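S.K.:
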Amino acid sequence: MLARVRSGALMGIDAVVVECEVDMALGLPYFNVVGLPEGAARESKVRVVSALKNAGFDLPQKRITVNLAPAEIRKEGAAFELPIALGVLAAARLMEEEPLERYLFGGELSLDGSIKAIKGVLPLAVAARNGGFQGVMVPAANAAEAALVEGLQVLSVAHLKEAVGHLTGKAPLTPLTRTGSALSGPRTVAADMADVRGQPELKLALELAAAGGHNILMAGPPGSGKTMLARRLPGILPEMTFDEALEVTKVYSIQGLLGDEQALIRERPFRAPHHTLSDAGLVGGGPTARPGELSLAHHGVLFLDELPEFRKNVLEVLRQPLEEGAIHLARATQHITYPCRVMLVAAMNPCPCGYFNVPGGKCECPEHRVFAYHERISGPLLDRIDITVQTRPVEYHHLAEKNQELPSHYYRQRVEAARERQRARFHDMPGVYCNAQMPSHLLRRYCVLSPRAEKALETAVTHFGLSARAHDRILKLALTRSDLEGHGRIEAVDMQLAVDCRMLDRRGWLHANTRGAVNALPRASTVRLQAAENGGSRGFPADKG
1 MLARVRSGAL MGIDAVVVEC EVDMALGLPY FNVVGLPEGA ARESKVRVVS
51 ALKNAGFDLP QKRITVNLAP AEIRKEGAAF ELPIALGVLA AARLMEEEPL
101 ERYLFGGELS LDGSIKAIKG VLPLAVAARN GGFQGVMVPA ANAAEAALVE
151 GLQVLSVAHL KEAVGHLTGK APLTPLTRTG SALSGPRTVA ADMADVRGQP
201 ELKLALELAA AGGHNILMAG PPGSGKTMLA RRLPGILPEM TFDEALEVTK
251 VYSIQGLLGD EQALIRERPF RAPHHTLSDA GLVGGGPTAR PGELSLAHHG
301 VLFLDELPEF RKNVLEVLRQ PLEEGAIHLA RATQHITYPC RVMLVAAMNP
351 CPCGYFNVPG GKCECPEHRV FAYHERISGP LLDRIDITVQ TRPVEYHHLA
401 EKNQELPSHY YRQRVEAARE RQRARFHDMP GVYCNAQMPS HLLRRYCVLS
451 PRAEKALETA VTHFGLSARA HDRILKLALT RSDLEGHGRI EAVDMQLAVD
501 CRMLDRRGWL HANTRGAVNA LPRASTVRLQ AAENGGSRGF PADKG
């Protein structure tokens, strides 16, 4: 007697349909699971037998073989226990097999037959919809998550008896449907930009980064507001679209990080891992492949504080994911892809003690230690950072003044207006939401330069010997500045700002003749942002030493 039930196995952030074949034959009582089961999946047979008996089902004393196909895919976790139990009942002819063909099943069984929550229900529901199934049957704790997928019948079950009652027609369940917008509700109140005194140049640099999804590096002494402002960046980012929120929720679903009452991640993620992070913790993988911090920050912010303190091999694995927006892990038995469209926000001190070239500060670091500290960040990684800002200590008059600083909603309105222009620009390009994600082959189409802007770009590339990647990123950043200010094309001021943002020259910084020299950097090697008076246009004028 043979029965078939469908479930799903995780491959990256997606689920692959797995067929649970259950055969019940004459022979000594024995329960065997084959098909490359791992860990908890191998132990499922013990829980399934106990759950069936304690739920009141009498099984014949026969040999039971369960095959999880296709065999080349690893089956991890306890999500196969519910489909295996239903397959055993169908093979024993205690229920019909035909109703099992309409759904994908997933759930972990307790010994008393109750059904516990599992990871990865959202990818399972997406696989059911894409596979043409009528619906899914999942634990009650995961039902709201599965209901995010439209056009799918979601059956919520808390006990094995409920599942059997519905499939036999004795106690039909009411399918769960999503009501209203999944993104409705008030936005979580984040820390406000108005809490930070001074640092107008740093605030405007973060506004520019948020408007185009650009990577940014802040370099300056301790206490200059780098970390404080980075943690306020999510408050000025635009709300996620439903497609973005669904992608982020899938990552958190397979990690089991969704809250009890949280079906959808509505706020952009902000991840700030410690500098002791390993490379596997950053990009994912490990013995049981799972997403890392990069993927958990998908469509959000990855904040790396004290950037040079991270191990060099960890920083170097950032290069390809930042460029492609995806992580490709190759293993002996499988290839996995995790998404990682992130804004990288990094902060660092000018030297190990933090006071090199800082007015009023006294640096006691030997020169070779300062060089070694900066050399921990490679040129190729810096090449992938669009904005570099040298921060300075907060001046007393900023701390003492009574005027209220600009709040987060002021910056968010400007950022949302710029992002709206970008959404209209990329409306026919799935997966592209902002200028930083724009493929290079579209630069000629969308980056329309004024004659003066084109001359400024040519001069910068020729004079500074910029790479092709730096050239493209300057164009994208100039386009973002144009979107922020509502220019119809990239003007010279937009281009000058974009060039200045790329020019934090570590060598110029280190070779400054005097420590404590505020204006030691060459003209196009520092970013100075100032709010324009009387509501005028704002720029990043360079220092005049």
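With the UniProt record's numbering, the residue at position 474 of the sequence shown is 474, and numbering never jumps.
Even for Gly, the Cβ is constructed at its ideal location relative to N, Cα and C.
Just so we're clear, the structure is a prediction, and the values are computed from it rather than from any experiment.
1) Applying the 10 Å Cβ sphere with the 16-neighbour rule, what's the burial state of Leu399?
2) Give me the Cα-Cα distance between Leu124 and Glu401, rounded to the nearest whole angstrom.
3) Tell me the rounded alpha-carbon separation between Ala524 and Cys501.
4) Kindly indicate which residue of Leu442, Ile265, Leu202, Arg452 has the alpha-carbon position closest to the one of Leu148.
5) Jot down the residue ranges of each uninterrupted alpha helix (DSSP H) in the region 301-333, minimum 4 residues, whole runs only, in chain order.
6) Should the region 453-471 be called in touch with the region 420-434, which here means at least 3 C-beta pairs below 8 Å?
7) Expressed to the nearest angstrom, what Euclidean distance is found between the alpha-carbon atoms of Ala210 and Asp494?
8) Give the straight-line distance between the Cα atoms of Gln153 and Ala9, rounded to the nearest whole angstrom.
9) I'd like the span of the alpha helix (DSSP H) that includes Gly212, first residue to last.
10) Looking at the secondary structure, which residues open and close the alpha helix (DSSP H) in which Cys365 lies?
11) Is the distance from the Cβ of Ala78 to the Cβ of Ser50 below 8 Å?
12) For Lys53, count neighbouring Cβ atoms within 10 angstroms of its own Cβ and tell me buried if that reaches 16, exposed if not.
13) So, helix, strand or coil for His159, using DSSP?
14) Please give me, in chain order, every unbroken run of the alpha helix (DSSP H) with length at least 4 that falls completely inside the region 417-478.
15) Identify every residue that forms a DSSP beta bridge with Pro339.
16) Which stretch, first to last residue, makes up the beta strand (DSSP E) that contains Gln390?
17) Could you tell me which of Tyr446, Ala460, Arg445 sits nearest to Arg452, measuring between CA atoms?
18) With contact counted as at least three CB pairs below 8 Å, one residue from each stretch, are the region 296-303 and the region 270-288 in contact?
19) Going by DSSP, what residue range makes up the beta strand (DSSP E) through Met228?
20) Under the DSSP definition of a beta bridge, which residues are partnered with Ala219?
21) How long is the line joining the alpha carbons of Ala69 and Val22, rounded to whole angstroms?
22) Report all residues from its chain with a CB closer than 8 Å to the CB of Val251; omit the five preceding and five following residues, and keep chain order.
23) Return the CA-CA distance between Arg507 and Ala492, expressed in angstroms with no decimal places.
24) Using the C-alpha atoms, what's the distance from Arg369 back to Leu363?
25) Let me know the secondary structure DSSP gives Asn54 once reduced to three states.
26) Excluding the 5 residues preceding and the 5 following Gly225 in the sequence, name in chain order all residues of the same chain whose CB lies nearer than 6 Å to its CB.
27) Throw me the rounded Cβ distance for the Met343 and Asn215 pair, which I believe falls under 8 Å.
28) CA-CA distance, Leu2 and Ala71?
29) To which residues of the same chain is Gly39 closer than 7 Å at the C-beta, ignoring the five residues directly before and after it?
M.R.: If we stick to the structure as given:
1) exposed
2) 56 Å
3) For Ala524, the predicted model reports a pLDDT of 35, less than 50, meaning its position is unreliable; a value from the coordinates is still stated below. So the alpha carbons of these two residues sit roughly 8 Å apart.
4) Ile265
5) 312-316, 319-324
6) no
7) 16 Å
8) 20 Å
9) 200-212
10) Run containing Cys365: none; DSSP gives neither H nor E here.
11) no
12) exposed
13) strand
14) 443-446, 451-464
15) Ala326
16) 387-390
17) Ala460
18) yes
19) Element bounds for Met228: not the beta strand (DSSP E) but the alpha helix (DSSP H), 226-230.
20) Met348, Gln390
21) 11 Å
22) Ile13, Pro291, Ser295, Leu296, His298, Tyr338, Pro339
23) A caution first: Arg507 carries a pLDDT of 44, below 50, which makes its placement in the model too unreliable to give a value.
24) Contrary to the premise, residue 363 reads as Cys rather than Leu in this sequence. Their Cα atoms are separated by approximately 11 Å.
25) helix
26) Val196, Gln199
27) 6 Å
28) 18 Å
29) Glu76
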